[in-house]
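Asker:
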Amino acid sequence: MKNALHFFLVLFFALCLNTVTAGKANADSKICFTCHSQKLFTGPVIHQPVAKGDCNECHNPHVAKHKGLLQKKGTDFCFSCHQKEAKLFSEGVIHEPIKQGKCLVCHDPHVSNSKGLLKSQGIAESCFSCHEALPRQYKYVHKPFQQGQCISCHSPHTSNSYKLLAKDEDQLCFSCHTLAKLQNKHPNYPDILKNCLSCHHPHGSDSAFLVRNQLHKPYTQGCTPCHDKGQKGTDTCLGCHEQIKSQILSTHNHLNGSENSCVACHSPHAADSSNLLKAPQKNLCRDCHEESFRISEKKRHKHPDTGTCSNCHSVHGSNTIAMLKNGITGVCSGCHASQGQFTHPVGGAIVDPRNGQEMTCVTCHYPHGTDYTFFLKLSGAKALCIQCHKGY
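Under this note's numbering, residues 46 to 437 are what the sequence shown spells out, in order.
1. Could you pull the DSSP bridge partners for A315 from this structure?
2. Can you give me the start and stop residues for the alpha helix (DSSP H) that R339 sits inside?
3. Our contact map puts C198 next to P189 with C-beta atoms below 8 Å; I'd like the distance itself, whole angstroms only.
4. Please report the straight-line C-alpha distance between L133 and C151, rounded to a whole angstrom.
5. Across which residues does DSSP place T203 in a beta bridge pair?
6. Go ahead and label P106 buried or exposed: buried means 16 or more other beta carbons lie within 10 angstroms of its beta carbon, across all protein chains shown.
7. Between which two residues does the alpha helix (DSSP H) holding T418 run?
8. Would you check if the distance between the CB atom of C244 and the CB atom of D215 is smaller than 8 Å?
9. Under a Cβ-count criterion, where at least 16 other Cβ atoms within 10 Å of its own Cβ denotes burial, should T87 be classed as buried or exposed?
10. How about the stretch 87 to 104 and the stretch 166 to 173: do they share at least three Cβ pairs that are nearer than 8 Å?
11. Can the beta-carbon of G161 be found less than 8 Å from the beta-carbon of S204?
12. On the three-state DSSP scale, how would you describe Q166?
13. For the alpha helix (DSSP H) that contains N400, what are its first and last residues?
14. Would you please state the rounded distance, in angstroms, between the beta carbons of N258 and D213? I believe it to be under 8 Å.
15. Under DSSP, the alpha helix (DSSP H) around D251 begins and ends at which residues?
16. Residue range of the alpha helix (DSSP H) that D215 falls in?
17. When DSSP builds the beta bridges, which residues end up paired with V156?
18. Does the contact criterion of 3 or more C-beta pairs under 8 Å hold for the stretch 301 to 313 versus the stretch 258 to 278?
19. Taking only the alpha-carbon atoms, compute the straight-line gap between M404 and S378 and give it to the nearest angstrom.
20. I'd like to check one pair, H111 with H155: are the Cβ atoms closer than 8 Å?
21. Should T66 go down as buried or exposed, given a rule of 16 or more other Cβ atoms within 10 Å for buried?
22. Return the CA-CA distance between G393 and T374, expressed in angstroms with no decimal places.
23. Relative to the alpha-carbon of N356, which residue among A426, K230, N371 has its alpha-carbon at the smallest distance?
24. Please classify Y417 as buried or exposed, where buried requires at least 16 other C-beta atoms within 10 Å of its C-beta.
25. Comparing C-alpha positions only, which one of H348, I340, C380, P247 sits nearest to Y183?
26. Are the beta-carbon atoms belonging to S250 and Y185 less than 8 Å from one another?
27. Would you check if the distance between the CB atom of S341 and the CB atom of G401 is smaller than 8 Å?
28. Can you check DSSP and say which residues form a bridge with Y185?
29. Between F420 and Y411, how many whole angstroms is the CB-CB distance? I'm expecting something under 8 Å.
30. Would you list the one or two residues that DSSP bridges to H297?
31. Between the C-alpha atoms of G436 and R399, what's the straight-line distance to the nearest angstrom?
32. State the CB to CB distance for the pair S252 and S295, rounded to an integer number of angstroms; the pair is presumed to be in contact (CB under 8 Å).
33. Output needed for C310: all residues of its chain with C-beta closer than 8 Å, excluding positions within five of it in sequence on either side, in chain order.
34. Below 6 Å CB to CB, which residues in the same chain sit around P270 once its five sequence neighbours on both sides are set aside?
35. Whole angstroms are fine: how far does the CA of H81 sit from the CA of V108?
36. With respect to the alpha helix (DSSP H) encompassing E287, which residues constitute its N-terminal and C-terminal limits?
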């Protein structure tokens with residue numbers, strides 16, 4: 046009996062000891078490295094849990110709901126340790142990868158050759174892995190851009206300024222370019238301390254002094270054609286661009302309540318896009334209509350020209366709702382003329398029984414995108430039809 050008791054006591058302590066040893070081995074990654082090559086987790090910059098050999102801090106060794114046996118998913122996972130950043134990264138203008146919960150777009154979770162566990166060789170390459178369309182070749186290049194110091198001007202995570210600028214646009218410029226030097230370079234220029242980017246490109250240009258490539262004619266004539274007129278607001282622009290006056294003053298227009306609504310979209314001095322637009326059309330519209338773009342992108346069926354807003358909308362204004370160029374049915378039939386022979390009756394005396402308004406294409410279709418085929422607002426099998434045709 047004593048021998049049996051002695052045997053079980055020895056076995057019990059042996060099992061306990063084995064459990065502790067196995068736990069320590071797992072914490073030291075010994076068990077993990079029997080399958081996963083340790084060479085893959087060595088380098089100049091190592092994530093702290095990896096350096097401690099604590100794989101279990103991030104991964105479940107047996108089963109998990111998420112790919113890679115991760116304990117959690119997305120930013121929730123990262124913020125479980127980086128709690129200070131969780132609050133900072135939830136305010137202001139947020140970098141798209143963070144907004145989507147994809148920290149690993151930029152950072153390697155284990156080891157890296159770059160500071161901050163960046164995946165790429167340096168900050169610039171990390172940025173260009175997504176922003177590949179950003180031109181890198183200019184005749185004249187801004188020094189920080191040339192040296193790949195994107196974060197000299199931009200915050201990589203969040204910011205209180207658009208384009209993730211580290212400071213207010215002009216204050217950012219003045220942090221390197223002193224007032225005395227600027228005044229020397231811009232003698233007699235009005236508003237010298239404002240809107241540097243209305244003339245200069247922050248990355249580079251084919252024109253000297255980083256001046257943007259498309260120049261407003263009065264700008265090339267020394268500024269006086271606009272600034273010495275004594276006019277204010279949109280009147281300054283309409284003095285030359287009288288042909289758009291009727292659009293600007295139409296029932297539905299782009300006047301935004303500012304002193305000069307024109308400069309919300311157009312640069313008064315220089316730009317890189319045609320018509321002196323401050324950005325390509327899709328990006329420009331999105332700056333104000335972000336929610337509309339975001340909703341459209343999530344839909345299963347999208348209109349192929351959603352990004353070319355001016356195909357359907359008058360950019361300055363019109364007397365039709367939503368600034369449409371030719372009324373709802375007129376705009377749609379411009380492309381879909383053939384649908385007229387078998388469409389649901391629209392226009393004229395055809396009235397939506399739910400609200401008494403004229404039946405149009407958008408009574409049934411949503412042009413920016415829906416989850417139903419043909420951009421229908423509901424399923425065309427029945428759900429949409431019975432909104433009006435009760436009792437069927």
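Glycine included, every Cβ here is placed at the ideal spot set by N, Cα and C.
Answerer: For this structure:
1. Position 270 of the sequence shown, counted from the first residue, corresponds to residue 315. DSSP, once it has assigned bridges, lists L260 as partnering A315.
2. Taking the first residue of the sequence shown as position 1, residue 339 is located at position 294. Element bounds for R339: 335 to 343.
3. One-based indexing of the sequence shown puts residue 198 at position 153. One-based indexing of the sequence shown puts residue 189 at position 144. About 6 Å; that satisfies the 8 Å criterion.
4. On the sequence shown, position 88 is the one that residue 133 refers to. On the sequence shown, position 106 is the one that residue 151 refers to. Cα to Cα, the separation comes out at about 18 Å.
5. By 1-based counting over the sequence shown, the position of residue 203 is 158. Beta-bridge pairing links T203 to I139.
6. Residue numbering aside, residue 106 sits at position 61 when the sequence shown is read from its first letter. It counts as exposed.
7. For the purposes of this step, residue 418 is taken as residue 373 along the sequence shown, with counting starting at 1. Neither: T418 is in no alpha helix (DSSP H) and is coded neither H nor E.
8. As a position in the sequence shown, residue 244 is number 199, starting the count at 1. As a position in the sequence shown, residue 215 is number 170, starting the count at 1. Against a cut-off of 8 Å, the Cβ pair of D215 and C244 comes out as no contact.
9. Mapped onto the sequence shown, residue 87 falls at position 42. With fewer than 16 other Cβ atoms within 10 Å, it is exposed.
10. no
11. Here residue 161 corresponds to residue number 116 of the sequence shown, with the count starting at 1. Here residue 204 corresponds to residue number 159 of the sequence shown, with the count starting at 1. It is not a contact, given that the beta carbons lie outside the stated cut-off.
12. Here residue 166 refers to the residue found at position 121 of the sequence shown. In the structure shown, Q166 sits in coil (DSSP, three-state: anything other than H, G, I, E or B).
13. Stepping through the sequence shown from its first residue, residue 400 is reached at position 355. Looking at the DSSP string, N400 is not in any alpha helix (DSSP H), and its letter there is neither H nor E.
14. The residue given as residue 258 occupies position 213 in the sequence shown. The residue given as residue 213 occupies position 168 in the sequence shown. Not quite, the Cβ-Cβ distance comes to about 25 Å (not below 8 Å), so this is no contact.
15. Position 206 of the sequence shown, counting from 1, holds the residue named residue 251. Segment: none, D251 is in no alpha helix (DSSP H) and carries neither H nor E.
16. To locate residue 215, count along the sequence shown from 1; it is residue 170. Looking at the DSSP string, the run of the alpha helix (DSSP H) that includes D215 is 214 to 219.
17. Along the sequence shown, read from residue 1 onward, the residue named residue 156 stands at position 111. DSSP, once it has assigned bridges, lists I91 as partnering V156.
18. yes
19. If you number the sequence shown from 1, residue 404 lands on position 359. If you number the sequence shown from 1, residue 378 lands on position 333. Straight-line Cα distance between these residues: approximately 14 Å.
20. Taking the first residue of the sequence shown as 1, we reach residue 155 at position 110. Taking the first residue of the sequence shown as 1, we reach residue 111 at position 66. Against a cut-off of 8 Å, the Cβ pair of H111 and H155 comes out as no contact.
21. Stepping through the sequence shown from its first residue, residue 66 is reached at position 21. For T66, the pLDDT reaches just 30, beneath the cut-off of 50, and the residue's location in the model is therefore unreliable, leaving the point undetermined.
22. The residue labelled residue 393 in the question sits at position 348 within the sequence shown. The residue labelled residue 374 in the question sits at position 329 within the sequence shown. The straight-line gap from Cα to Cα measures roughly 11 Å.
23. Here residue 356 is taken as the residue at index 311 of the sequence shown, counted from 1. The shortest C-alpha separation from N356 is found at N371.
24. Numbered from 1 along the sequence shown, position 372 holds the residue referred to as residue 417. So Y417 counts as buried.
25. Here the question's residue 183 lines up with position 138 in the sequence shown. That would be P247, whose Cα lies nearest to the Cα of Y183.
26. One-based indexing of the sequence shown puts residue 250 at position 205. One-based indexing of the sequence shown puts residue 185 at position 140. Yes; because the gap between Cβ atoms is below 8 Å, this pair is in contact.
27. Residue 341 sits at position 296 when you count from the first residue of the sequence shown. Residue 401 sits at position 356 when you count from the first residue of the sequence shown. It is not a contact, given that the beta carbons lie outside the stated cut-off.
28. The residue labelled residue 185 in the question sits at position 140 within the sequence shown. Beta-bridge pairing links Y185 to S250.
29. The count along the sequence shown starts at 1 and reaches residue 420 at position 375. The count along the sequence shown starts at 1 and reaches residue 411 at position 366. With a Cβ gap of about 6 Å, F420 and Y411 count as contacting.
30. Taking the first residue of the sequence shown as position 1, residue 297 is located at position 252. DSSP output for H297 lists S363 as bridge partner(s).
31. For this step, residue 436 is matched to residue 391 along the sequence shown. For this step, residue 399 is matched to residue 354 along the sequence shown. Rounded to whole angstroms, G436 to R399 spans 15 Å at the Cα level.
32. Position 207 of the sequence shown, counted from the first residue, corresponds to residue 252. Position 250 of the sequence shown, counted from the first residue, corresponds to residue 295. Contact flag wrong, Cβ pair sits at about 36 Å.
33. In the sequence shown, the residue the question calls residue 310 occupies position 265. The residues are H299, L322, K323, L329, V360.
34. Along the sequence shown, read from residue 1 onward, the residue named residue 270 stands at position 225. The residues are P263.
35. Stepping through the sequence shown from its first residue, residue 108 is reached at position 63. Stepping through the sequence shown from its first residue, residue 81 is reached at position 36. Cα to Cα, the separation comes out at about 17 Å.
36. Your numbering for residue 287 matches position 242 in the sequence shown. Neither: E287 is in no alpha helix (DSSP H) and is coded neither H nor E.
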